[in-house]
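Below: the structure, in structure tokens.
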Amino acid sequence: MSNDREQMTRRSIIDLVDAIDLPADTATRRSADQPAPQPPGPPARDSSQPAPSAQVTAPRHHRWRPAWAAAAAALAMVLAMFAGPL
Amino acid sequence: MAPTGDPSLASVYAAERDGLLRLAAFVTGEVGAAADIVHDAFADLHETFDDVQSPPAWLTSAVARRSVSWVRRRAVARRYLQSAVPERPVAHVGDLPDRLRVRDAVSRLSPQRRAVVFCRYYLDLSEAQTAATLGVPPGTVKSRLARALRELEVCLDEQ
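Heads up: the sequence lines are chains A and B, in that order. So the first sequence is residues 46 to 131, counted in the numbering used here. So the second sequence is residues 2 to 160, counted in the numbering used here.
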């Protein structure tokens with residue numbers, strides 16, 4: 046193959062390789078209109094919606110009981126112990 | 002090629018990914034296979050990144066060799082499948098007539114010759130560098146390139 050012919054072949058090869066359609070790089074590139082991924086955590090709140098109340102109803106088994114209710118329960122238990130033998 | 006200094010794996014990936022894909026696609030003729038080959042090479046590089054002196058050269062060598070092996074394995078599979086798998090030309094390159102002629106001519110080359118052509122012409126490596134990249138003696142590079150050029154000339158003249 047002549048030198049000119051070889052140079053032409055070289056250019057054709059380079060053109061051919063450059064023209065190969067490559068798959069998108071999903072590992073590192075994002076399209077401009079694609080939002081960046083959010084870090085893990087609660088989802089962002091919609092600002093058009095009112096803020097949720099800070100008062101959250103606790104699950105039933107964790108509901109706080111007032112001190113007087115605990116005292117009444119203890120008293121009822123004591124009375125039941127003494128009332129049993131009577 | 003990757004920047005000099007102390008590149009991270011991420012920066013090597015960003016710099017080398019497209020070139021390696023082109024190498025694998027040129028040798029295998031399959032962009033999908035090329036993507037797998039390149040990802041496997043990066044996965045292996047990740048294991049030994051600290052021990053590799055020149056990640057770009059290491060990757061070029063790994064991808065070239067894997068691509069040639071992939072074509073060989075496919076040829077064996079095709080023999081067993083009695084040519085059920087169609088021959089694939091070099092990956093999709095558009096529809097310019099001249100480009101299609103070159104693509105068809107290249108698709109007739111053996112994978113070893115394609116790899117040599119890519120290293121010598123596209124990467125512009127010397128014979129010694131090509132030999133080191135492909136793991137063959139320099140004389141083999143010279144003879145493979147000469148035969149590849151002869152084949153290309155014949156194919157292009159036929160068309």
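Glycine included, C-beta positions come from ideal geometry on N, C-alpha and C. Here the structure is a predicted model, which is why all the values come from computation and not from measurement.
Comparing the C-beta of residue i with each C-beta of chain B, is any distance below 9 angstroms?
i, result
"residue 60 of chain A", "yes"
"residue 63 of chain A", "yes"
"residue 70 of chain A", "yes"
"residue 77 of chain A", "Because residue 77 of chain A carries a pLDDT of 46, less than 50, the predicted location of this residue cannot be relied on, and no value is offered for it."
"residue 49 of chain A", "no"
Thinking C-alpha only, which one of the options is nearest residue i?
i, options, result
"residue 177 of chain B", "B:157, B:136, B:81, B:8", "No information on residue 177 of chain B is available, as it lies outside the stretch 2 to 160 that chain B covers here."
"residue 10 of chain B", "B:54, B:30, B:32, B:35", "B:54"
"residue 104 of chain B", "A:123, A:64, A:52", "A:64"
"residue 62 of chain B", "B:79, B:41, B:81, B:102", "B:41"
"residue 145 of chain B", "B:34, B:128, B:46, B:80", "B:128"
"residue 119 of chain B", "A:47, A:62, A:51, A:127", "A:62"
"residue 29 of chain B", "B:14, B:79, B:75, B:81", "B:75"
"residue 134 of chain B", "B:155, B:100, B:56", "B:56"
Mind reading off the beta-carbon distance from residue i to residue j? Whole number of angstroms is fine, and I expect it under 8 angstroms.
i, j, result
"residue 130 of chain B", "residue 69 of chain B", "Actually they are not in contact, since the Cβ atoms of residue 130 of chain B and residue 69 of chain B sit about 17 angstroms apart, beyond 8 angstroms."
"residue 73 of chain B", "residue 38 of chain B", "Rounded, the Cβ-Cβ distance is 13 angstroms, inconsistent with contact."
"residue 150 of chain B", "residue 51 of chain A", "6 angstroms"
"residue 21 of chain B", "residue 60 of chain B", "6 angstroms"
Specify the secondary structure class of residue i as computed by DSSP and reduced to three states.
i, result
"residue 57 of chain A", "helix"
"residue 54 of chain B", "coil"
"residue 65 of chain A", "coil"
"residue 1 of chain B", "The requested residue 1 of chain B is not part of the displayed model; chain B covers only 2 to 160."
"residue 126 of chain B", "coil"
"residue 139 of chain B", "helix"
"residue 8 of chain B", "coil"
"residue 70 of chain A", "coil"
Tell me, please, whether the CB atom of residue i is closer than 9 angstroms to any CB atom in chain A?
i, result
"residue 81 of chain B", "no"
"residue 100 of chain B", "yes"
"residue 23 of chain B", "yes"
For residue i and chain E, any beta-carbon pair shorter than 9 angstroms?
i, result
"residue 26 of chain B", "This model lacks chain E altogether; the protein chains it does include are A and B."
Can you check the stretch 17 to 50 of chain B for any alpha helix (DSSP H) of at least 4 residues that lies completely inside it and give the ranges in chain order? Segments of the alpha helix (DSSP H) lying fully in the stretch 17 to 50 of chain B: 32 to 49.
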